[in-house]
Structures are given as structure tokens and as C-alpha cells.
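Engineer:
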Amino acid sequence: MTMIFGIPVQALLGQLLVGLINGSFYAMLSLGLAVIFGLLRVINFAHGAQYMLGAFVGYLLLTHLGIGYWPALILAPLTVGLFGIVVERLALSRLYDTDPLYGLLFTFGLALVLEGIFRYYYGVSGNPYAVPSLLAGGTNLGFMFLPNYRGWVVVASLIICFGTWALIEKTRLGSYLRAATENPRLVQAFGVNVPLLLTLTYGLGSALAGLAGILAAPVYQVSPLMGSDLIIVVFAVVVIGGMGSILGAIVTGYMLGLAEGLTKVFYPEASNLVVFVIMAIVLLVRPAGLFGRDA
Amino acid sequence: MAGLSRREISAGTPAWPEWTLVGLAIAALLVAPFLVYPIFLMKMLCFALLACAFNLLLGYTGLLSFGHATFFGGAAYFTAHAVKVWGWPPEAGILLGMAGAALLGLVMGFFAIRRQGIYFAMITLALSQMFFFFCVQAPFTEGEDGIQGVPRGMLFGVLDLNVSLNMYYFVLAVFLIGVFAIWRIVNSPFGMILRSIRENESRAISLGYSVANYKLGAFVMSAALAGLAGSLKAIVFQFATLTDVTWQMSGEVILMTLLGGIGTMVGPIVGASLVVGLENTLATSGFPVTIATGLIFMVCVLVFRRGIVGELYARLLKRQGRH
Chain V
0 MTMIFGIPVQ ALLGQLLVGL INGSFYAMLS LGLAVIFGLL RVINFAHGAQ
50 YMLGAFVGYL LLTHLGIGYW PALILAPLTV GLFGIVVERL ALSRLYDTDP
100 LYGLLFTFGL ALVLEGIFRY YYGVSGNPYA VPSLLAGGTN LGFMFLPNYR
150 GWVVVASLII CFGTWALIEK TRLGSYLRAA TENPRLVQAF GVNVPLLLTL
200 TYGLGSALAG LAGILAAPVY QVSPLMGSDL IIVVFAVVVI GGMGSILGAI
250 VTGYMLGLAE GLTKVFYPEA SNLVVFVIMA IVLLVRPAGL FGRDA
Chain W
0 MAGLSRREIS AGTPAWPEWT LVGLAIAALL VAPFLVYPIF LMKMLCFALL
50 ACAFNLLLGY TGLLSFGHAT FFGGAAYFTA HAVKVWGWPP EAGILLGMAG
100 AALLGLVMGF FAIRRQGIYF AMITLALSQM FFFFCVQAPF TEGEDGIQGV
150 PRGMLFGVLD LNVSLNMYYF VLAVFLIGVF AIWRIVNSPF GMILRSIREN
200 ESRAISLGYS VANYKLGAFV MSAALAGLAG SLKAIVFQFA TLTDVTWQMS
250 GEVILMTLLG GIGTMVGPIV GASLVVGLEN TLATSGFPVT IATGLIFMVC
300 VLVFRRGIVG ELYARLLKRQ GRH
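Taken in sequence, the protein lines are chains V and W. 20 is the number that numbering that gives the first Met the number 0 gives to position 21 of the first sequence; each next residue is one higher, with no gaps. 223 is the number that numbering that gives the first Met the number 0 gives to position 224 of the second sequence; each next residue is one higher, with no gaps.
#1: Are any of the Cβ atoms in chain V nearer than 8 Å to that of W/Thr256?
#2: In the structure shown, what three-state DSSP assignment does W/Phe179 receive?
#3: State the Cα-Cα distance for the pair V/Tyr121 and V/Pro217, rounded to the nearest angstrom.
#4: Determine the extent of the beta strand (DSSP E) in which V/Leu145 is found, giving its start and end residues.
#5: Is W/Val170 near W/Met41, with beta carbons less than 8 Å apart?
#6: Around the Cβ of W/Ala239, are there at least 16 other Cβ atoms within 10 angstroms (buried) or fewer (exposed)?
#7: Alpha helix (DSSP H) containing V/Thr138: first to last residue?
#8: Quick check on W/Leu158: does DSSP put it in helix, strand or coil?
#9: Exposed or buried, what is V/Ala129 when buried is set at 16 or more other beta-carbons lying within 10 Å of its beta-carbon?
#10: Quick check on this structure: which residue in W/Pro138, W/Val35, W/Phe53 has the alpha carbon closest to the alpha carbon of W/Thr263?
#11: Report the neighbours of V/Gly115 on chain W: residues whose CB is nearer than 7 Å to its CB, in chain order.
#12: Does the separation of the CB atoms of W/Leu254 and W/Ile307 fall below 8 Å?
#13: Can you find the residues in the same chain that come closer than 7 Å, C-beta to C-beta, to V/Tyr295, ignoring five residues on each side of it along the sequence?
#14: Tell me whether W/Ala137 sits in a helix, a strand or coil according to DSSP, three-state version.
#15: Using a Cβ-Cβ cut-off of 8 Å, state whether V/Met278 counts as contacting chain W.
#16: Could you check what DSSP says for V/Ile231 in three-state terms: helix, strand or coil?
#17: Can you determine whether any heavy atom of the ligand MN sits closer than 7 Å to the C-beta of W/Arg314, and answer yes or no?
#18: Using 10 angstroms around the beta-carbon of W/Lys317, count the other beta-carbons present and answer buried if the total reaches 16, otherwise exposed.
#19: Please report the residue range of the alpha helix (DSSP H) in which W/Gly262 lies.
#20: Going by other Cβ atoms of all chains shown within 10 Å of its Cβ, with 16 needed for buried, is W/Met191 buried or exposed?
#21: Let me know if V/Asn271 comes out buried or exposed under the rule of 16 or more other beta-carbons within 10 Å of its beta-carbon.
#22: Report the start-end ranges of each alpha helix (DSSP H) in the stretch 15-73 of chain W that is 4 residues or longer and not cut off at the edges.
#23: Near V/Leu15, which residues of its chain fall below 6 Å by C-beta distance, leaving aside the five closest residues on each side in sequence?
#24: Quick one: does W/Met248 have its CB under 8 Å from some CB of chain V?
#25: So V/Arg184 is in the alpha helix (DSSP H); what residue range does that whole segment cover?
#26: Roughly how many angstroms separate the alpha carbons of W/Gly92 and W/Ala233, rounded to a whole number?
#27: So, are the CB atoms of V/Ile159 and V/Leu72 less than 8 Å apart?
#28: What does the Cβ neighbour count give for V/Ser156, buried or exposed, with the cut at 16 atoms within 10 Å?
#29: Under a CB-based cut-off of 8 Å, is W/Arg318 close to chain V?
#30: Could you give the distance in angstroms between the alpha-carbon of W/Ala50 and the alpha-carbon of W/Thr256?
#31: What are the residues that DSSP puts in a beta bridge with V/Val221?
#32: Run down chain W in chain order and give the residues with a C-beta less than 9 Å from the C-beta of V/Ile35.
#33: Where W/Gly22 and W/Ile268 are concerned, what is the direct C-alpha to C-alpha distance, given to the nearest angstrom?
#34: Looking at chain W, is there any beta carbon in it that lies within less than 8 Å of the beta carbon of V/Arg88?
#35: Give me the Cα-Cα distance between V/Ile6 and V/Pro267, rounded to the nearest whole angstrom.
#36: Looking at the unbroken alpha helix (DSSP H) that takes in V/Gln9, where does it start and where does it end?
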């Protein structure tokens, strides 16, 4: 068996794959946070709960209506996105002229309520969600065995991340969005409906969380608490990357997933601490974050 | 982005109700253990002190910490360990818990004050999650079980804390000293500089204050006082568990302060009493506590940002202004 630094290559690649999967979710979630924060100046604490909501929508569609994975891949983000739009219209839009901390506190309360509801009805144990038959099984890559679904998660997250990046950086709608981020009043004066843009942005960010949730359902189990611990790691990712750049959020997400995977190989006890340690180091040497513009 | 400006929190403090209320409240607390279950009262006082310590930072310096569970729960662990394993007397255990919390505050503050506003909140949250993982793995916290069966011991070698009333009056004394200390800090020249940072950080810098040092100082003081509350709780309940270091606990403290009134002296005490009371009621009803706290959070932020006491003050000031 081939060894690298005294570690079997198989084990190393296996953990790197796990890291890449985790990194995919970090990237998708920090991307959503960055999109929302960029325009709304709100840190969406409910992002983890919305991710959980996406997974649960998929799970409930399957168990109650017999609707499978592929339709759920559209329906789950749509549901969560609509939910986000309602939340923005009814509540968040009233908080834009207050301190940004209130947005954080409101979405924190929302996250507690969502989690509380699902915990009340489904307990804390995870519910398994079967891998769709098309992606069942695995592929032998010669140097390692790759479960097909995991390969799909990595590909799908890359498509989602770069799709969102292209939407914001390369389209007309995206250019409105970036303009409104820079100077909302001026953009409003040019006849762009900025409040609508804000609503749609929160909807888009929430939908991204929902999409990540349904993608995660077959990998992790569907449980009411799946989002809350993840969101704190994603916050650390966002502090490391800085929320100034969409691409920065994506790259940081994948990098930290891989760093976590590597730590699991070499020093397993520290694997759930490593992201926070990296955050502390980044704060020391580059307080604005790796890709941050704002200090 | 320097935090909450004066416009958004209490509009000021009217003079007269403060001292009358304080006198009445102390009198009520002195007779309370004869009317209400003392353990419940002690829990309330511990959380009220925690919320006041937290408010020193949010209300008077404008920094939202999402990591106060670290100091509260961490100090509880230190005290429980010192008293149970090393056989220290309770007062020494509490001092150790406070010192430990201050040290944790120094470390967390050192990193967190490098960023402002929302980032500050996220950094404190992440670091406190890190401390949570540390507590899960460190052997001295005894993992999922927590440190159980902590002896209350003899205070200063003479006062038996196993007697419920002795314990209660000790907790009350510590609570009053803690709140008095916070009141002194807030109204000292140091406190005035903290307020100037809250109001306008750039201006405070331009006036020559080393804002970073003041923020760090406030953070450490707030951490030490939150630790005092945690140590006290460990002695009262005779255990220290992981529950007290979770992010949910940090959230609960924020809720207490928000509900009572950010930036008022009395608000956090009122908020803490209400939240602890509510949780006690819900515990028997079967309605999930998280849903209730989440809903209160949302309602407070949307329509009630000054909190109960802040709203009351605002009305009183308005009425005084009319005369």
C-alpha cells in the first residue's frame, strides 16, 4: 500500500473527499450569506435553519407525497426561497434603517423557531434519505472508490457556485444588484425597483440554502439540528474569507473543507477546531479577511 | 457600524424611579425566599447578574458578544472542579472561576476587537463554539455528564451553604455587589469613554482615546462578571454541564437583555427574571422553550427594540418633558 507521511494514500484521499464534500456545503452556504449580506447588510442567522428546511421539504415530499429526489431538487429551494421572500416582506424590510445587529437578532429568533418546530414534531434523531437510484453505487477510480452521489454533490455545488457567481458578475440583473450594493439611492433614482431587488436577493439567498439542504439530505441525515452547528462554522468561514467578494466566499469554503479533511487524517482530535484556529490566525495577520475589502 | 447608537436604545434615564425601585426591589428580594422557592430565586439572580454583565458590553460599549456562554459556563466548570476535586472552599472556587473567565475574556476579546459590528458578533460566536468543542473533549469537564455533586461547603469556614437560606442570602449579596460594580463602572470616567465609543467610535479615536484598549478592558470586565454569575450557579446547583457553554445559552442572555431593555441598569434584571420564569412555566407545559424564546426575539426586534424598561423610561421622560 502506498504511503504519504506514514498515512495510507487511500485514507488520505478518503478524508480529502469528505473534506471536499463538507467544503462544498461551506461554499454554498457562505455564498448565500455573502449574497444576502452584500445587498441587505443583514447576517442571515436563519441560513442554517433554511438549509435544514430544504432537507426537510425533500424528506416530507418523499414520505408523504412520494415525490422523489429530482423534482425535490427544484421544489425544495423554491419553497425555501418563497418562505424567504415572505420573511423579507413581512419583517426584514422593516429593519433596514436600524442597526445591522437587529437583522442578526431577528434571523436568530427565526432560526430558533424553525428548529423548535421541527424538533417538536420530529425529535432530534436523524431521518435517512435514500440516495436516488440513478446515483446509487460507486465508481472505482483506480486509486480510490468514489460513491457516485458524493461525486455528484461536488459537481453540483461547483455548478451552483459558479452559476451564482456568473449571475451576479455577468448578467444585467447582477449588474443592478452590484450597483444597488454600492449605492442604493442612486440606483433607485435610475428607476430600478430597489425594494423588489432586496426581496428577490433574500429569496435567492434562502433558495441557495434550501438547495444545499436537499443536496445534503442523502449525505448527512435529515435532522432538525443539521443546520445550527453548521452555520457557526460557516460564520467562521465568512470571517476568514471576508464577505466583500462572492468568489472569495466560494474559494474559502472549499479550502476550509479540505483543511478540515486533512486535519482529520493527521490530528483527528482537532478536526472540529481547525476552522476556528484558522480564523484566529487570519484575524491576527489579515483582520479584514483573505478576500475582504472592508476592515 | 460601531454598534447600537443611543437613538435606538433607551432615550435616557429619568432620575426618580431608579432609587425608589432599587429600594423596593432589595426589600422584596430580602423577604422573597419566604414566599417563593429559593432555588428558583437563586437561578433568577444568577441569570440576572449574567445579563447585567452582558449589558455592560452591549448596552454601554455597543459591542454584541455572541459568546458569553463561554465565560458563564467556563467559570462554572473551573469553580466546580476546584471545589469538588481540589477541595477548595466556595469563596476561593468562585474567585478562581472569575479569574478564569477574565482570562478567557482577554483571549476572546483580543481576537474579536479586531473587527467591528456584525463581524464582532460572528467572531465571538465562533470562538465560543471552539471553547464548547474544547469542553466536550477536555477530561476535566467529565464530558456529557458534566461535573456532578459539587459540594456547597462552608463559606469562609463558618457559614454552612447547605442551609438553603444561607445560600440564598450569599447569592443575593454577590448579586448586589456585582450589579453595584457594574453601576460604578458605567458611571465612572472609564464608563463615559465606553459610551463615547458606542456613540461615535471614530470621534473617540480622534479625541486620542486608544479605543481598542478600552474595548478590551470592557470585554474582560464583562467576562469576569459573567464568570461570577456562572461560578455562583455552579455552587447553587452543585453541577456544571455543557448546557452552560452552548451557543443557545449565549442567545438566551441576549434575549434577556433585549427583552428588559438594552442600555438600562434595571432592564437586564427584569428580562432575566421574565425569561427564567417563562422557562420554568414552559418546562411543565410541554411547549418547546426554543419556539417561545425565538418568537419573543422576533417580536422584540420588530416592535419593541427598547425593551420593557427602556419603553417605560421613554414614556416617563416624555411625560416629564410635557410638564
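Here a beta-carbon is modelled for each residue, glycine too, at the ideal position from N, C-alpha and C.
Structural biologist: Taking the definition as stated:
#1: no
#2: helix
#3: 17 Å
#4: 144-146
#5: Contact flag set, yes.
#6: buried
#7: Here V/Thr138 belongs to no alpha helix (DSSP H); instead the beta strand (DSSP E) covers 137-139.
#8: strand
#9: exposed
#10: W/Phe53
#11: Pro287, Thr289, Ile290, Gly293
#12: no
#13: The shown model of chain V, from 0 to 294, leaves out residue 295 of chain V, and the question about it has no answer.
#14: coil
#15: yes
#16: helix
#17: Questions concerning the ligand MN fall outside what the structure shown contains, since it holds no ligand whatsoever.
#18: So W/Lys317 ends up on the exposed side.
#19: Taken as a continuous stretch (DSSP letters only), W/Gly262 belongs to no alpha helix (DSSP H), as it is neither H nor E.
#20: Exposed, because fewer than 16 other Cβ atoms sit within 10 Å of the Cβ of W/Met191.
#21: buried
#22: 15-30, 37-60
#23: Gly260, listed in sequence order.
#24: False, the Cβ-Cβ gap to chain V never drops below 8 Å.
#25: 183-188
#26: 10 Å
#27: no
#28: buried
#29: no
#30: Near 6 Å, if we compare the C-alpha coordinates of W/Thr256 and W/Ala50.
#31: V/Asn126
#32: None at all; the shortest Cβ gap to chain W is about 12 Å.
#33: 15 Å
#34: False, the Cβ-Cβ gap to chain W never drops below 8 Å.
#35: V/Ile6 and V/Pro267: Cα-Cα distance of roughly 13 Å.
#36: 8-39
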